[in-house]
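Visitor:
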Amino acid sequence: MTANEGQEQKQILLKRILAAAILAARKLAQYDGGKRVPATISAMSDAIRWAEEIMLEIDRPWPVK
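In my numbering, each residue's number is its place in the sequence shown (first place is 1) plus 1058.
#1: Can you tell me where the alpha helix (DSSP H) with residue 1067 in it begins and where it stops?
#2: Please work out which residues of its chain come closer than 7 Å, Cβ to Cβ, to residue 1102, disregarding the five sequence neighbours upstream and downstream, and give them in chain order.
#3: Give me the Cβ distance between residue 1114 and residue 1098, rounded to the nearest whole Å; I'm assuming they're in contact under 8 Å.
#4: In the structure shown, what three-state DSSP assignment does residue 1119 receive?
#5: Can you check which of these residues, 1094, 1096, 1068 and 1075, is closest to residue 1112 by C-alpha distance?
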């Protein structure tokens, strides 16, 4: 892996993390105190799954070469 490829991979990962954080924050805002209870854990898992789906749709027209 070249340095450029490594940088592209980091950017992809950061986009996914950002998307997951936004989705999780919206859901977690509904819960009290952000404690690690089943509802918050489920919300985080859902956010990560949806972030992956969103990134796949975003990347589909412009695949990384």
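Backbone N, C-alpha and C define an ideal beta-carbon position, used for all residues, glycine too.
Values in this document were obtained by computation on a predicted structure and should not be read as measured data.
Guide: Let me lay it out:
#1: Translated into positions along the sequence shown, residue 1067 becomes position 9. Counted as a single uninterrupted DSSP element, the alpha helix (DSSP H) harbouring residue 1067 occupies residues 1061-1086.
#2: As a first step, residue 1102 must be located in the sequence shown, where it is residue number 44. Cβ within range, chain order: 1082.
#3: Along the sequence shown, one-based indexing puts residue 1114 at 56. Along the sequence shown, one-based indexing puts residue 1098 at 40. No, residue 1114 and residue 1098 are not in contact; Cβ-Cβ is about 25 Å, not under 8 Å.
#4: In the sequence shown, counting from the first residue as 1, residue 1119 sits at position 61. Coil, per DSSP.
#5: Residue mapping note: residue 1112 aligns to position 54 of the sequence shown, counting from 1. Measuring from the Cα of residue 1112, the nearest candidate turns out to be 1075.
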